[in-house]
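These notes concern the structure reproduced below.
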Amino acid sequence: MSKKKGEAPESEEVKAPEAEAPESEEKKVPEEKPQGPTPEELLAAEKDKYMRLYAEYENYRKRSSKEREALYSQVKSDTVTSFLPVYDNLERALKTGCSDEAFLKGIEMTMAQLRGVFEKLGIKEIDAVGKKFDAKLHNAVMHVEDGSLGESEIVEEFQKGFTLGDKVIRFSMVKVAN
262 MSKKKGEAPE SEEVKAPEAE APESEEKKVP EEKPQGPTPE ELLAAEKDKY MRLYAEYENY
322 RKRSSKEREA LYSQVKSDTV TSFLPVYDNL ERALKTGCSD EAFLKGIEMT MAQLRGVFEK
382 LGIKEIDAVG KKFDAKLHNA VMHVEDGSLG ESEIVEEFQK GFTLGDKVIR FSMVKVAN
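Encoded structure:
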């Protein structure tokens, strides 16, 4: 077979011509909405994560600060408690008296120094004699009936009590009337 002008050869397939857009016109692509979050949503999510992390850190900081203060208070309380027998012995020595003035003066000075250390640490003695019995501060070990004294009045103190702030380190051991 002979080939004529404009005819396609028999063995070749004929393809339909594709519609081409003129080069001067831009192809119009349908606008697609971006998939996924917008930059504003991403920013808001990151800000939310940051604020949560910041709040968590602040709570941690406050909690650890409170724990540190509580631990310091507990250690101070335990330390003072270990010195209380020394305080009691010095107090007994002062009550017994002594014929040697220099020795008695030394005990008084030691007791004054120990009280100064307690005061510096914020340790306070619990007032007892003449006060009304308070179970939050006192430990009644004896009871006496006496019409001349008021109801639940503390008559005698056997052992001094101490507080550190609102916490009782040792209760006062007392004798209560009526």
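Take the position in the sequence shown, starting the count at 1, then add 261; the result is the number in this note's numbering.
Ideal placement from N, C-alpha and C gives every residue a C-beta, glycine not left out.
Quick one: measure Cβ to Cβ for residue i and residue j, integer angstroms, because I've assumed they're closer than 8 Å.
i	j	result
I415	V378	Not a contact, Cβ separation roughly 27 Å.
F432	E386	Actually they do not touch by this definition, with Cβ atoms about 12 Å apart.
Y348	L314	So it is not a contact: roughly 50 Å between Cβ atoms.
A401	V429	Going by Cβ atoms, the distance from A401 to V429 rounds to 15 Å, so no, they are not a contact pair.
F394	S413	4 Å
L425	S360	Their Cβ separation, rounded to whole angstroms, is 37 Å, which puts L425 and S360 out of contact at 8 Å.
Can you grab the Cα-Cα spacing for the pair residue i / residue j, in whole Å?
i	j	result
M403	A354	23 Å
S343	Q420	15 Å
F364	T371	11 Å
A305	T299	10 Å
N350	N320	46 Å
Within 10 angstroms of its Cβ, does residue i collect 16 or more other Cβ (buried), or is it exposed?
i	result
Y311	exposed
S325	exposed
V341	buried
E418	buried
Check the DSSP bridge columns for residue i and list the partner residues they point to.
i	result
Q420	M434
M403	K436
I387	Answer by DSSP bridge pairing: none, since I387 is not bridged.
key: Every unbroken alpha helix (DSSP H) inside the region 296–368 [4 residues or more]   = 300–357
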